[in-house]
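I have placed the structure first, in the form of structure tokens, so that the comments after it can refer back to it.
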Amino acid sequence: MTNTIAMKMELPKVPDIELVALNGLALLGKHLGIADDKIGEARILVTEAVINALEHGGKEHPKVEVEFTMTSRELTIFVRDYGKGFVPSEVEQPDIKLKIGSRNKRGWGLKLMQSMSDDFRIDSTVEGTKITIKKKLV
Amino acid sequence: MEQPFSLTSELKENRLVITTSGYVNNVGGETIAKEFNRHFEKGITSVVINLADSRVVNSIGMSFLLEIIEQLQGVDGKLIFTNLDPAVEKMLTIMGIFQFAGKASDVAGALKLFH
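Read top to bottom, the protein sequences are chains A and B.
For what it's worth, the working numbering labels the leading residue of the first sequence as 8, then goes sequentially.
For what it's worth, the working numbering labels the leading residue of the second sequence as 9, then goes sequentially.
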């Protein structure tokens, strides 16, 4: 039987709070005996998901909910913000050739999450955005 | 917990080597860019960024490094990353950074690439 462990946290909008989520991720991984190098890409996914949610979350609810469900084979990352939402298909894909020379060099979060995950889902409404990411750990 | 960001820099044969430690977030990225600019203004156009002790980075921090690439392009300079964590290397690859910057396993290897 596969051992499943879960953790849920609510993070306020304070600088570098994503490191708290990363610390939790590392502890879960250690508990399940997952080698640190196996969660390297998961670290980036969690970081990008949390900073993205904090940046686009609403001012009235400056917090994000983060949930990890982890087995020795797979990690599910769930991040929810309470911002005004967005239409994923309307988000322009960043292109480094265009970014270099432009004033806005940011906007890489969604592309990174889509590219580094094994499954990536966005559910965005005017009441906020939920992102669910699956990442294989083997 | 990841350590707070810090960096050291040194000149080796007129090449700037910036070695970071800790989380490269927006503040870390901006600090790297400022350190680069301090030397770039004095004519340094060959740069190594050693991320050996920075296993956690974010895309906002990396965006600041695009400014370095942009400035070096204007003077035919070169940026090389070293000691990359595999996940960070994948991140930079997805961003397309290696179309404009090099990578090496360590600083010594990077310095050889300038010859």
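All residues carry an ideal CB built from backbone N, CA and C; glycine is no exception.
Just so it is clear, the structure is predicted and the values come from calculations on it, not from any experiment.
For residue i, three-class secondary structure by DSSP
| i | result |
| --- | --- |
| Ala42 of chain A | coil |
| Thr76 of chain A | strand |
| Ile107 of chain A | coil |
| Val86 of chain A | strand |
| Thr11 of chain A | coil |
| Val21 of chain A | coil |
| Lys112 of chain A | coil |
| Phe13 of chain B | coil |
Where residue i meets chain B, residues with beta-carbon distance less than 7 Å
| i | result |
| --- | --- |
| Leu119 of chain A | Ser67, Met99, Ile102 |
Residue i: first and last residue of the uninterrupted beta strand (DSSP E) it sits in
| i | result |
| --- | --- |
| Ser131 of chain A | 126-132 |
| Pro95 of chain A | Unbroken run through Pro95 of chain A: none, as it is neither H nor E. |
| Lys111 of chain B | 110-112 |
| Ile138 of chain A | 135-143 |
| Leu87 of chain B | 86-90 |
Heavy atom of the ligand SAM within 7 Å of residue i beta-carbon
| i | result |
| --- | --- |
| Arg128 of chain A | The ligand SAM is not among the ligands present in this structure, which contains no ligands whatsoever. |
Interface partners of residue i on chain B, CB under 8 Å
| i | result |
| --- | --- |
| Arg113 of chain A | Ser67, Ile68, Ser71 |
| Gly116 of chain A | Ser67 |
| Asp44 of chain A | Pro94 |
Partners in chain B for residue i, counting only beta-carbon separations shorter than 9 Å
| i | result |
| --- | --- |
| Met123 of chain A | Ala95, Lys98, Met99, Ile102 |
| Lys15 of chain A | Correct list: empty, because the minimum Cβ distance to chain B is about 19 Å. |
| Asp23 of chain A | Glu10, Pro12, Tyr31, Asn33, Val35 |
CB contact below 8 Å: residue i versus chain C
| i | result |
| --- | --- |
| Leu26 of chain A | No chain C is present in this structure, whose protein chains are A and B. |
Under 7 Å by beta carbon: chain A residues contacting residue i
| i | result |
| --- | --- |
| Val64 of chain B | Leu29, Arg50, Thr54 |
Chain-ordered neighbours of residue i on chain A, where CB pairs are closer than 9 Å
| i | result |
| --- | --- |
| Glu49 of chain B | Those do not exist, as Glu49 of chain B stays about 20 Å from chain A at its closest Cβ, beyond 9 Å. |
Boundaries (first-last residue) of the alpha helix (DSSP H) holding residue i
| i | result |
| --- | --- |
| Gly116 of chain A | 116-123 |
### Task
Could you run through the region 70-94 of chain B and flag, in chain order, every residue whose CB is less than 8 Å away from some CB of chain A?
Met70, Ser71, Phe72, Leu74, Glu75, Ile77, Glu78, Gln81, Asp93, Pro94
### Start-end ranges of the alpha helix (DSSP H) lying completely within the region 24-75 of chain B, minimum 4 residues
34-48
### Query
Of the residues that make up the region 103-116 of chain B, which ones have a beta carbon closer than 8 Å to any beta carbon in chain A?
Met103, Gly104, Ile105, Gln107, Phe108
### Query
Using Cβ-Cβ distances below 7 Å, what residues of the region 27-39 of chain B are close to chain A?
Tyr31, Asn33
### Task
Using a Cβ-Cβ cut-off of less than 9 Å, give me the residues of the region 64-90 of chain A that come near chain B, in sequence order.
none
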